[in-house]
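Below is one structure, written out as structure tokens, with a few remarks after it.
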Amino acid sequence: MNIPNFISIARMAAVPVTVWLILNDRMLAAFWLFMAAGVSDAIDGYIAKRFDMETELGRYLDPLADKALLVCIYIALGLGEHLASWLVILVVFRDALIIGGALVFQTVTLSLSMEPLLISKINTFAQIVLAALVLGGLGFNVDMGVFLDMMVVIVAVTTLLSGTFYVIKWTNKATAMEDKE
276 MNIPNFISIA
286 RMAAVPVTVW
296 LILNDRMLAA
306 FWLFMAAGVS
316 DAIDGYIAKR
326 FDMETELGRY
336 LDPLADKALL
346 VCIYIALGLG
356 EHLASWLVIL
366 VVFRDALIIG
376 GALVFQTVTL
386 SLSMEPLLIS
396 KINTFAQIVL
406 AALVLGGLGF
416 NVDMGVFLDM
426 MVVIVAVTTL
436 LSGTFYVIKW
446 TNKATAMEDK
456 E
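Mapping the sequence shown onto the working numbering, position 66 (from 1) lands on 341, and the numbers just tick up by one.
Now the structure itself:
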């Protein structure tokens, strides 16, 4: 166990607390905990790269912690009717598709490597911005107006593109592997 992995585990431990805060309408506290989780993500990545502490476990833990936090926050915000249910379903389905696809790909090919697509990184960033806007807007009682609407569209489009591109990528890889046999 190294420091970056410990930070990722701590970020995972923040997930149920953040969800509880959202479901109990403590949006300002949820916003700050979400911000702290974001800072911790940057810190663990920096430490891992700077001090040569990258591990195989960390390559899985870090994105798992990020996904757990985002998916759970989106579900909690959807349950509280702070995000549209169709968007929550889209975000959760995309992540389930990616995780399911990765498991199937690994099971069939025994050659999964964690290589996030650029559109996936853009999507994750957009999801983070939208969650922060919603939590911050509710916590500070500020109407985010058209900017919030714009971010919903960006999240929806990048979520669809990311999910589609992952399916295409894995299908092409699996087909290429079958052709070699």
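We put the CB at the ideal spot given by N, CA and C, even for glycine.
In three-state terms, what does DSSP make of R286? helix
Under a three-way DSSP split, which group does L392 fall into? coil
Do V430 and L405 come within 9 Å of each other at the CB atom, strictly closer than that value? yes
Compute the Euclidean distance between the alpha carbons of P279 and L336, then round it to the nearest angstrom. 10 Å
Does the region 351-369 come into contact with the region 294-302, if we say contact requires no fewer than three beta-carbon pairs (one atom in each stretch) closer than 8 Å? yes
Just how far apart, CA to CA, sit I446 and L372? The residue asked about is misnamed: residue 446 is Thr in this sequence, not Ile. Computed Cα separation, rounded: 13 Å.
Whole-Å CB distance - C347 paired with V290, under 8 Å assumed: 5 Å
Separation of S283 from N416, as counted between CA atoms: 30 Å
Determine the direct distance from the alpha carbon of S437 to that of N277, and round the result to whole angstroms. 31 Å
Can the beta-carbon of R286 be found less than 9 Å from the beta-carbon of D370? no
A359 (DSSP reduced to helix, strand or coil): coil
Who are the Cβ neighbours of V363 in its own chain at under 8 Å, not counting the five residues just before and after it? Y349, I350, L352, G353
Using only the alpha-carbon positions, how far apart do S386 and E329 sit? 20 Å
Are F380 and A311 closer than 9 Å when you measure CB to CB? no
Where E329 falls: helix, strand or coil (DSSP): coil
Can you list, in chain order, the residues of its chain whose CB lies under 8 Å from that of L423, leaving out five sequence neighbours each side? L405, L408, V409, G412
Enumerate, from N- to C-terminal direction, the unbroken alpha helix (DSSP H) stretches of 4 or more residues contained entirely within the region 370-444. 393-415
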